[in-house]
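Taken in order, these protein sequences are the chains called A and B.
Here the first sequence is numbered in numbering that gives the first Met the number 0, starting from 0 and rising by one per residue.
Here the second sequence is numbered in numbering that gives the first Met the number 0, starting from 0 and rising by one per residue.
Since the structure comes first, as C-alpha cells, the remarks are kept for the end.
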Amino acid sequence: METDAEDVPIRVKGLRTAFGDKVIHEDLGLEVKRGEILGVVGGSGSGKSVLLNTILGLKQPDGGSVEIFGQDIRDPQAHSEVERRIGVMFQQGALFSFLTVQENVEAPLLEHTKLTREYVHDLARLKIKLAGLPEDAGCLKPAELSGGMRKRAGVARAIALDPDILFLDEPTAGLDPIAAAEFDDLIRTLRDALGFTVFIITHDLDTLYAICDRVAVVADKKIAAVATIKELERSDHPWIRSYLLGPRGRAAKKEKES
Amino acid sequence: MIAADWHIDEGGGPTLHVSGDWTSLALGDAEGRLGAQAARSLVVQRLDLSALGRIDTAGALLLLRSMAPDADIDFGEREDLQRLIDLVRPALESDTAGKAGVTGVLGFFERFGRQVIGIADDAYQMLVFTGQLIVALGRTLGDPRRLRMTPLVAFMQDAGINGLPIVFIMTFFIGAVIALVGTNLLTTLGVEVFTIQLVGVAILREFGVVITAILLSGRSASSFAAQIGSMRMNQETDAMQVMGVDRFDALVIPRILAALLMMPLMTFCADIGGLAGGLLVSWVTIDISPVFFIQRTLETVDIKHFWIGMCKAPFLALIIAAAGCRHGLMVGGDVQSLGQNVTSAVVQSIFMVIMFDAIFAVIFMALDL
Numbered sequence: 000m001e002t003d004a005e006d007v008p009i010r011v012k013g014l015r016t017a018f019g020d021k022v023i024h025e026d027l028g029l030e031v032k033r034g035e036i037l038g039v040v041g042g043s044g045s046g047k048s049v050l051l052n053t054i055l056g057l058k059q060p061d062g063g064s065v066e067i068f069g070q071d072i073r074d075p076q077a078h079s080e081v082e083r084r085i086g087v088m089f090q091q092g093a094l095f096s097f098l099t100v101q102e103n104v105e106a107p108l109l110e111h112t113k114l115t116r117e118y119v120h121d122l123a124r125l126k127i128k129l130a131g132l133p134e135d136a137g138c139l140k141p142a143e144l145s146g147g148m149r150k151r152a153g154v155a156r157a158i159a160l161d162p163d164i165l166f167l168d169e170p171t172a173g174l175d176p177i178a179a180a181e182f183d184d185l186i187r188t189l190r191d192a193l194g195f196t197v198f199i200i201t202h203d204l205d206t207l208y209a210i211c212d213r214v215a216v217v218a219d220k221k222i223a224a225v226a227t228i229k230e231l232e233r234s235d236h237p238w239i240r241s242y243l244l245g246p247r248g249r250a251a252k253k254e255k256e257s
Numbered sequence: 000m001i002a003a004d005w006h007i008d009e010g011g012g013p014t015l016h017v018s019g020d021w022t023s024l025a026l027g028d029a030e031g032r033l034g035a036q037a038a039r040s041l042v043v044q045r046l047d048l049s050a051l052g053r054i055d056t057a058g059a060l061l062l063l064r065s066m067a068p069d070a071d072i073d074f075g076e077r078e079d080l081q082r083l084i085d086l087v088r089p090a091l092e093s094d095t096a097g098k099a100g101v102t103g104v105l106g107f108f109e110r111f112g113r114q115v116i117g118i119a120d121d122a123y124q125m126l127v128f129t130g131q132l133i134v135a136l137g138r139t140l141g142d143p144r145r146l147r148m149t150p151l152v153a154f155m156q157d158a159g160i161n162g163l164p165i166v167f168i169m170t171f172f173i174g175a176v177i178a179l180v181g182t183n184l185l186t187t188l189g190v191e192v193f194t195i196q197l198v199g200v201a202i203l204r205e206f207g208v209v210i211t212a213i214l215l216s217g218r219s220a221s222s223f224a225a226q227i228g229s230m231r232m233n234q235e236t237d238a239m240q241v242m243g244v245d246r247f248d249a250l251v252i253p254r255i256l257a258a259l260l261m262m263p264l265m266t267f268c269a270d271i272g273g274l275a276g277g278l279l280v281s282w283v284t285i286d287i288s289p290v291f292f293i294q295r296t297l298e299t300v301d302i303k304h305f306w307i308g309m310c311k312a313p314f315l316a317l318i319i320a321a322a323g324c325r326h327g328l329m330v331g332g333d334v335q336s337l338g339q340n341v342t343s344a345v346v347q348s349i350f351m352v353i354m355f356d357a358i359f360a361v362i363f364m365a366l367d368l
C-alpha cells in the first residue's frame, strides 16, 4: 500500500465539483505517476483550474476523493504534512508583493525548516539561480519584475522545499516563444535532477510536445483521455482532434519533428 | 523521515560520514553544527555516503560547502546525488557575495536623505496635480457637457448623503461635551447662561465644519484613493488613456465636484447636530428650556459665525477630494503601494484640513470677523 501511494502521488477518484447548479466535474478520475510530467489541457472554462484547486485542497470537492501520497486531502492532519511535499506556481506567480524575491523564496524555508537564517539565505539564492534568474533579481520586489522573471521567481519559491510534486498553472502563458521554450527546458532539467512529479496546466502545444510524458484532456466534465501526445493524435474525440490537428497543433508537431 | 546526522573521522585525510535523510525538513540542526565545524577550517577530503537516506538540494549544498573545493566525491550507486551535485555545483561556483544593504549610521543618513527628497518630490507632484486639476475644472466650466452626471450623482449619494447620519451623531456628541464642560466652568462664575453662546460659536464657527472635514477624509479620501488606485492596478486608467478618455474628466472631476457640492450640506447637518447636543445637555444639567436655548442662540450668536464655518466647507472639500484622487492616481502596480497611498491620502487630507483651518482662523482674525 505504501509503495503504491508513493508510485501514484496523485489519485483522483469519482470527483464531482459544482458551483450551485453548474456541474464542473462529474465522476472525474485521474492518476498521476511518480516522476512524470503530466500536461493537463482542456478548453477555456472546462474546469482545469478548478481541478487544480480541488487537488490542492483550496476548493472542497462535492463528491469523490482526492488523495495525495495516499492521504485524503480533506483530512486536515494529513494535509499539513502533504503541504510540505508540494510546490505550486500560480498563474500570475502569486508572489508576496510586500517581500523581495529573495524573501519570497525564503518564506517557506523559514516556515517549515529548522535551518539557520544564513543557510536559508544561501539556499534561497541557490534556488533563485536554479530557476534561471540573474543574481541581482533577489533584491527586487515582484512589481519590478517582467512577466517571465515573475514566473521564474514563482518556480524558485515553488521548489524552495524540494517538493515531490510541482504544480504549474499555465507556466508559459504570456511568455514569448523563446522564453517559453527556455522555461520548458528549465522544468525538464529540474525534474531530471530533482526527480519530482510535475502537474502542468497548459494551453501551450509546444510544451505538450516538448516536455510532457503524458497528457490528460479535460472535456465533457471528466478526463476524456490520458495518453502520450502521439496516442492522442490518433484519438477520434472531436475536441482533441480539433485541438491537436488544427493549424497550431500541426505547427507545433512539425517543429518537434524537425 | 530520519533526522540527518554526521561525524568526521580524522584518520588519513578527514572523512565525512553522513547518515539519515539530508532534506531541508530533516536537516534540523545538523546544518548549524556542520557550519560551525567548517568555520574551524577542517577541510573534508572524503565522503562516506553508505548510510545516507534521501537527499535534496538543501543537503547537497551543505555537502558541497563542507568539502574542499578539489575534493574527490565518490558517489558509488547514488546517481540521484550525482545529478543533484551537478545541478548545484555550477550555481555555487558563480556564487559571489550579494550586494549588502547599507546599514548603521550611513544607512540612517541614506534613509533620511531619501525621505527629504521624497517630500520635495511629493510637493512638486502636488503642484503638478493642482495645475492639471485647475485646467480640467476650467475645461468643464467652459463646456459643461463634459461633466459626467451619473458618476457625479452617485458620488454625491455615496460621499454625501450616506455620511449625513454619522456626521450628525458625531457633532451631537461634540456639542454635548462642549456644553458639559462649559456649564461646569461657567457655573463657578455664576454665568452658566453663556454656555449657549459658547456652544453656538464653537459649533458653528469651528467644530461643525472641521469634524465634517475629518469625517470626509476618513470616509471619502480613502475610498477615492482606493477606487482609483485599484483601477490603476488593473490598468483601467491606461485603457482610458488609449481610448482618449481624459482621466481627470472621468475620475477626478466627478469626485471633487461631489465633495464640493455635498460638504456644505454635511456641514449644515453637523451644525444642527452640535446645537442639538448642546441643547439637550443644557436642558438636563442647568435646566435651560429648549425654547429659551433657541431664543438665546438667535439673539446672542451672530449669524456671521455660521457663514464663517460654511464658507470654509468648499475649500476643505476640495483639499480632501483632491488628496484622495491624487493618491489614487499615484498607485503603482502592487498592493503595497495601494495601501501606502490610501493611508497617505487620509493622513495628508486630515493634516491639510487642520492646517487650512488655522490659516482661515488667522485670516478671519485679521479681517476682524
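Glycine included, every Cβ here is placed at the ideal spot set by N, Cα and C.
Predicted model only: the values in this text are computed from it and were never measured.
Are the C-beta atoms of B:A57 and some chain A residue less than 8 Å apart?
Yes, contact with chain A.
At the level of alpha carbons, what is the spacing between A:E66 and A:F198?
So the two alpha carbons sit approximately 14 Å from each other.
Using C-beta distances below 8 Å, list every residue in its chain close to A:D71, excluding the 5 sequence neighbours before and after it, in chain order.
Excluding positions up to five away in sequence, the list reads S64, V65 and A77.
Below 8 Å, how does it come out for the region 131 to 138 of chain B and the region 249 to 264 of chain B: are there three or more Cβ pairs, yes or no?
The region 131 to 138 of chain B makes contact with the region 249 to 264 of chain B; the number of CB pairs closer than 8 Å reaches 3 or more.
Strictly under 8 Å for the Cβ-Cβ distance: is A:A83 near chain B by that measure?
Inspection of the sequence shows that residue 83 of chain A is occupied by Arg rather than by Ala. Yes - at least one Cβ of chain B is within 8 Å of the one on A:R83.
Interface residues of chain A facing B:V290 [CB-CB closer than 8 Å]:
Residues of chain A with a Cβ closer than 8 Å to the Cβ of B:V290 do not exist, since the nearest Cβ in that chain sits about 60 Å away.
Tell me which residues of the region 5 to 36 of chain B have at least one Cβ-Cβ distance to chain A shorter than 8 Å, keeping chain order.
Here the close residues are T22, S23, L24, L26, G27, D28, E30, G31 and G34.
Between which two residues does the beta strand (DSSP E) holding A:L98 run?
Looking at the DSSP string, A:L98 is not in any beta strand (DSSP E), and its letter there is neither H nor E.
Burial state of B:N161, where buried means 16 or more other Cβ atoms lie within 10 Å:
An exposed status is given to B:N161, since fewer than 16 other beta-carbon atoms sit within 10 Å of its beta-carbon.
Backbone CA spacing between A:E232 and A:V104 [nearest angstrom]:
Between A:E232 and A:V104, the alpha-carbon positions lie close to 39 Å from each other.
Quick one: complete alpha helix (DSSP H) runs, 4+ long, within the region 107 to 178 of chain B?
148 to 154, all fully within the region 107 to 178 of chain B.
Of the residues A:G56, A:H120, A:A179 and A:K47, the one placed nearest A:R149, counting alpha carbons only
Looking at the Cα atoms, A:A179 is the closest of the given residues.
Can you confirm whether A:F97, when its beta carbon is compared against all beta carbons of chain B, has any partner nearer than 8 Å?
For A:F97, the answer is yes, since a Cβ of chain B falls inside 8 Å of its Cβ.
Could you name the residues of chain A that B:D79 contacts, counting a contact when the two beta carbons are closer than 7 Å?
Ordered by position in chain A, the residues that pass the 7 Å Cβ test against B:D79 are G194.
Stretch-stretch touch, CB-based, cutoff 8 Å, three pairs: the region 283 to 292 of chain B with the region 211 to 225 of chain B:
The region 283 to 292 of chain B vs the region 211 to 225 of chain B: no contact.
If you count every other CB in all the chains shown that lies within 10 Å of the CB of A:T206, and 16 or more means buried, which is it?
Burial call: buried.
Can you tell me where the beta strand (DSSP E) with B:H6 in it begins and where it stops?
Per DSSP, B:H6 belongs to the beta strand (DSSP E) from D4 to D8.
Amino acids of chain B, ordered along the chain, whose beta-carbon sits closer than 8 Å to that of A:H111:
Neighbours of A:H111 across chain B, judged by C-beta separation under 8 Å: S23 and L24.
Find out if the Cβ-Cβ distance for the pair B:T22, B:D47 is shorter than 8 Å.
Result no, Cβ atoms of B:T22 and B:D47 do not sit closer than 8 Å.
Going along chain A in order, which residues have a C-beta closer than 9 Å to the C-beta of B:Q234?
Residues of chain A passing the Cβ test: none, with the nearest at roughly 13 Å.
Let me make sure I understand the geometry here. Which of A:D219, A:D203, A:L129 and A:G46 has the alpha-carbon closest to that of A:I228?
Its Cα nearest to that of A:I228, the residue A:D203 stands out among A:D219, A:D203, A:L129 and A:G46.
Close beta carbons around B:G97, own chain, < 7 Å, minus the five adjacent residues each side:
Here B:G97 scores only 48 on pLDDT, less than 50, and its place in the model is too uncertain to base an answer on.
Counting only Cβ pairs nearer than 8 Å, list the residues of chain B close to A:D161.
Within 8 Å Cβ-Cβ: T22, S23, D55, T56 and A57.
Does the beta carbon of B:G106 come closer than 8 Å to any beta carbon on chain A?
Closer than 8 Å: no.
Listed in chain order, which residues of the region 129 to 151 of chain A have Cβ atoms closer than 8 Å to some Cβ of chain B?
Under the 8 Å Cβ criterion, the region 129 to 151 of chain A contributes L129, E134, D135, G137, C138, K140, P141 and A142.
Is it right to say A:S45 is buried, meaning 16 or more other beta carbons lie within 10 angstroms of its own, or is it exposed?
Of the residues assessed, A:S45 falls on the buried side of the cut-off, its CB having 16 or more other CB atoms within 10 angstroms.
Those residues which DSSP pairs with A:L14 across a bridge
In the DSSP output, where bridge partners are listed per residue, A:L14 has A:L27.
Would B:D333 count as contacting chain A if we go by Cβ distances under 8 Å?
Yes, contact with chain A.
One or two residues paired with A:G248 in a DSSP bridge
Note: A:G248 sits in no beta bridge, so no partner.
If you run the structure through DSSP and keep just helix, strand and coil, what is A:K140?
Residue state for A:K140 is assigned as coil, using DSSP reduced to three classes.
Whole angstroms are fine: how far does the CA of A:K253 sit from the CA of B:A122?
Each residue's alpha carbon lies about 60 Å from the other.
Suppose the cutoff is 6 Å on Cβ atoms and the five residues either side in sequence are ignored; what does the same chain contact list for A:D61 look like?
R15, T16 and A17.
So, for A:D6: in the same chain, excluding its five sequence neighbours on each side, which residues have a beta-carbon less than 8 Å away from its beta-carbon?
Within the same chain, A:D6 has close Cβ partners K32 and R33.
Tell me whether A:R149 counts as near the ligand SAH, meaning its Cβ is closer than 7 Å to at least one heavy atom of that ligand.
Among the ligands in the structure shown, none appear at all, so the ligand SAH cannot be discussed.
DSSP state of B:H304 mapped onto helix, strand, coil:
B:H304: helix per DSSP, three-state reduction.
Is it the case that the Cβ atoms of A:T115 and B:G34 are separated by a distance below 8 Å?
Taking 8 Å as the Cβ cut-off, A:T115 and B:G34 qualify as a contacting pair.
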